[in-house]
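Last residue of the sequence shown? That's 196 in this note's numbering, and every number before it is there in order. Glycine included, C-beta positions come from ideal geometry on N, C-alpha and C. Source: prediction; values computed, not measured.
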Amino acid sequence: MDETFHLIIPAHRRYLRLASGLVTNILTRDKRVDQPTIYNIDLALQEIAANIIEQAYAENVDGRITIDITLTQQPPTLIIDLHDTGRAFNPAQIAAPNLEEAQVRGYGLHLAPKLMDEIFYEAQDDGNHWRVIKYL
């Protein structure tokens with residue numbers, strides 16, 4: 061049976077561990093998923109959520125992120141939907157990080173697609189929608 065979990069968190073970094081903790085808890089119960097995969101999923105989720113906080117809600121301290129986590133059985137898949145009502149942006153305009161020079165920021169949106177199987181972003185009338193998929 062498929063399971064879906066619904067979480068709404070304030071758009072502040074201190075709440076990101078709630079979302080990643082829930083994902084970790086869900087996946088730890090599934091013996092098909094190893095610890096490195098759980099870590100990669102957690103990292104991708106945190107990077108995208110941090111981007112929402114810093115970009116979509118840069119000037120909105122009251123923002124919220126709605127997160128739906130779905131674990132399907134056939135085929136075994138983890139789907140994470142993130143929704144915000146902040147500013148839209150164009151992911152294609154994000155410059156690739158310069159790996160020749162150390163930098164503190166700018167790796168997340170380029171790292172997440174390498175950790176997950178599919179990532180989608182869409183600006184919608186009611187906000188922004190991210191879908192992150194990992195086939196288990």
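Strand pairing of residue i, partner residues [DSSP]
i	result
PHE149	DSSP lists no partner for PHE149.
LEU70	At residue 70 the sequence reads Pro, which differs from the Leu that was named. PRO70 pairs with ARG124.
ARG191	ASP141 and PHE180
Minimum C-alpha distance to residue i - residue among the options
i	options	result
VAL121	ASP185, PHE180 and ARG147	ARG147
ILE68	LEU82, MET61 and ASP62	LEU82
ASP144	ASP62, ASP94 and TRP190	TRP190
LEU76	TYR181, GLU63 and ALA104	ALA104
LEU131	ASN150, GLN115, ASN100 and THR88	THR88
GLU178	LEU169, ASP94 and ASP186	LEU169
ASN150	ILE129, LYS174, ASN188 and PRO96	ASN188
THR84	ASP94, ALA118, ILE98 and ARG73	ILE98
ILE101	ALA183, ARG74, ALA79 and GLU63	ALA79
ILE125	ALA110, PRO135 and PRO136	ALA110
ILE86	PHE180, ILE129 and TYR181	ILE129
LEU142	PHE180, GLU119 and ALA118	PHE180
Cβ separation of residue i and residue j, assumed to be a contact under 8 Å, to the nearest whole Å
i	j	result
ILE112	ALA172	Contact flag wrong, Cβ pair sits at about 12 Å.
LEU138	LYS91	No, LEU138 and LYS91 are not in contact; Cβ-Cβ is about 14 Å, not under 8 Å.
ILE127	ILE140	7 Å
GLN133	MET61	7 Å
LEU49	PRO136	The requested residue 49 is not part of the displayed model; the chain covers only 61 to 196.
Residue i, buried or exposed, once every other Cβ within 10 Å from all chains shown has been counted against 16
i	result
ALA152	exposed
ASP185	exposed
ASP94	exposed
ALA116	buried
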